[in-house]
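Peer 1: Just dropping this structure here.
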Amino acid sequence: MLSRKTLHRSRIEKFDHVLIAWLRQRRFDGVPMSGMMLRKQAKKFQRILKIGNTKCVFSEGWLDKFKKRYALKCLKICGEKLSADNEAAVSYIDEFASIVAGAGNCLSPEQIYNADETALYWRYVPRKTLATADERAPSGFKDMKDRVTILACSNAAGKHKLNLALIGKSRNPRCLKGIRHELPVIYMSQRNAWVTQDSFIDWFHQHFVPEVTEHCRAAGLGENPKALLVLDNCPAHPPADLLRSNNISAVYLPPNVTSLLQPCDQGILRALKIKYKHFFLHKMLGALNSGTQILDFLKSFTLKDAIYGLADAWNQITLATLKNAWHKLWTATLFDSDEEEDEDFKGFTVHDEDWELENIGSYASIGTAEMEELMNIDNHLDVAQSLSDRDIAAKVLNEGIANVQ
1 MLSRKTLHRS RIEKFDHVLI AWLRQRRFDG VPMSGMMLRK QAKKFQRILK
51 IGNTKCVFSE GWLDKFKKRY ALKCLKICGE KLSADNEAAV SYIDEFASIV
101 AGAGNCLSPE QIYNADETAL YWRYVPRKTL ATADERAPSG FKDMKDRVTI
151 LACSNAAGKH KLNLALIGKS RNPRCLKGIR HELPVIYMSQ RNAWVTQDSF
201 IDWFHQHFVP EVTEHCRAAG LGENPKALLV LDNCPAHPPA DLLRSNNISA
251 VYLPPNVTSL LQPCDQGILR ALKIKYKHFF LHKMLGALNS GTQILDFLKS
301 FTLKDAIYGL ADAWNQITLA TLKNAWHKLW TATLFDSDEE EDEDFKGFTV
351 HDEDWELENI GSYASIGTAE MEELMNIDNH LDVAQSLSDR DIAAKVLNEG
401 IANVQ
């Protein structure tokens, strides 16, 4: 039988999880946070959820203990929307180095991973691409904005890329019938093609943990190896204590340094999408130049084709690109090299991107403006739902919205 102390602790943990999820959502939305705001929100959640310590007055003392429990160091009073903070980034670089080396970790680049999401219109057609086939967009032609969300993950050594995870809208796409187990990606579904906390937790425990364990064992890092997953504050990422398995755990970047430090944001996802769009345009223009009509091509180009194109694009991301992306966050990787690395260690640079875009544009006869549209049109699409306070509480507590009063 559970003691009163155990039950009390359980209620407090649930309450804390709700508050942490709310804080992560607001930070992801770019809302400035302060201790006073957090205390007020805690009072609100206590009132509407009727959980936690009903006698708690949420004083400064409570706030200090809450921050210590969850290592919250960025609750500063601020009067404007969060933006990239160079000073905070410099400070966190030292903190991250301590995390990697501290508490007996001494983790190597093989054991440090970053995962991030991006949206993709997988068969979007810039109208100017039709020029090479002397074809105008047919009457009533609509831009194809079928989308997926991509979850990419790799380690700081650049030697382990997990298979991409793709979130589409359809649970059972006809084109994938009978071949799901053969796909070179992990396919999941959600009605808006968004990542959810449930799908991320499933990915972490069912794919990330076993694949990372296998990789680290093969690298001679022991039977029960340590590993760390670096994440941003996307609302689809659950509290860190739900992302823990044996010696594998997660750590969150401060919200105002993500764009400056997160490895996937330093060229990895950009390179992946450019290579995929190159593949798609090449395939489309080949079809058009052989006499296929644009609508016929788009109807024949399925999610299955996109999946294999994305997997191939991911395979083309070089070790150098993956390693170089970590230099801002983890300066120790600047000096990590071995004799097996033969390629020029620059990663996916601005020069590489310019070359890729010039190559695509020349082949497809696309002007600069249209190329910018093609490459950037899906950059700022949501990858997760922005939840209301009640949604957050219901999600964390595994209750229906109607049950949260």
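No gaps in the numbering here: position 219 of the sequence shown is 219 in the UniProt record's numbering, and each next residue is one more. Think of the CB as a built atom: it goes at the ideal place given N, C-alpha and C, for glycine as much as any other residue. None of the values given here were measured: they were computed from a predicted structure.
Can you give the beta carbon distance from F297 to A287, rounded, assuming they're within the 8 Å contact cut?
Peer 2: Rounded, the Cβ-Cβ distance is 4 Å, consistent with contact.
Peer 1: Output needed for D391: all residues of its chain with C-beta closer than 6 Å, excluding positions within five of it in sequence on either side, in chain order.
Peer 2: Closer than 6 Å at Cβ, skipping near neighbours: no residue.
Peer 1: Any idea which residues DSSP pairs R180 with across the strands?
Peer 2: In DSSP, R180 forms no bridge with anything.
Peer 1: Only counting runs of 4 or more residues, tell me where the alpha helix (DSSP H) segments fall wholly within the stretch 223 to 264, in order along the chain.
Peer 2: Fully enclosed alpha helix (DSSP H) runs of 4 or longer: 258 to 261.
Peer 1: Would you mind sorting F15 into buried or exposed? The rule is 16 or more other CB atoms within 10 Å of its CB.
Peer 2: So F15 ends up on the buried side.
Peer 1: Quick one: Cα of E13 to Cα of E372, how far?
Peer 2: The alpha-carbon atoms of E13 and E372 are separated by roughly 47 Å.
Peer 1: Going by DSSP, what residue range makes up the beta strand (DSSP E) through I201?
Peer 2: Not the beta strand (DSSP E): I201 falls in the alpha helix (DSSP H), residues Q197 to W203.
Peer 1: As a quick exercise: from Y187, D146, R26 and C153, pick the residue whose alpha carbon is nearest that of S386.
Peer 2: It is R26 whose Cα lies nearest to the Cα of S386.
Peer 1: Are the Cβ atoms of Q197 and P255 separated by less than 8 Å?
Peer 2: In this structure, P255 does not lie closer than 8 Å to Q197 by Cβ.
Peer 1: According to DSSP, is residue 409 part of a helix, a strand, or is it coil?
Peer 2: The shown model of the chain, from 1 to 405, leaves out residue 409, and the question about it has no answer.
Peer 1: Just reading off the beta strand (DSSP E) that M188 is part of, what are its end residues?
Peer 2: Run containing M188: I186 to S189, per the beta strand (DSSP E) assignment.
Peer 1: In terms of alpha-carbon separation, which member of L151, D389, T302 and S290 lies closest to W314?
Peer 2: Out of L151, D389, T302 and S290, L151 has the C-alpha closest to the C-alpha of W314.
Peer 1: Please report the distance separating the alpha-carbon of Y308 from that of I377.
Peer 2: Going from the Cα of Y308 to the Cα of I377 covers about 22 Å.
Peer 1: Does K14 come out as helix, strand or coil in the three-state DSSP assignment?
Peer 2: Three-state DSSP puts K14 in a helix.
Peer 1: Exposed or buried, which one is G102 when buried takes at least 16 other CB atoms within 10 Å?
Peer 2: The residue in question, G102, is exposed, as its Cβ has fewer than 16 Cβ neighbours within 10 Å.
Peer 1: So, under 8 Å CB-CB, L261 and K328 are touching, yes? Tell me the CB distance rounded to an integer number of Å.
Peer 2: Going by Cβ atoms, the distance from L261 to K328 rounds to 5 Å, so yes, they are a contact pair.
Peer 1: Since Y121 is in the beta strand (DSSP E), which residue starts that stretch and which ends it?
Peer 2: Run containing Y121: I112 to Y121, per the beta strand (DSSP E) assignment.
Peer 1: Any contact of the stretch 185 to 197 with the stretch 223 to 230, i.e. 3+ C-beta pairs under 8 Å?
Peer 2: No, they do not touch.
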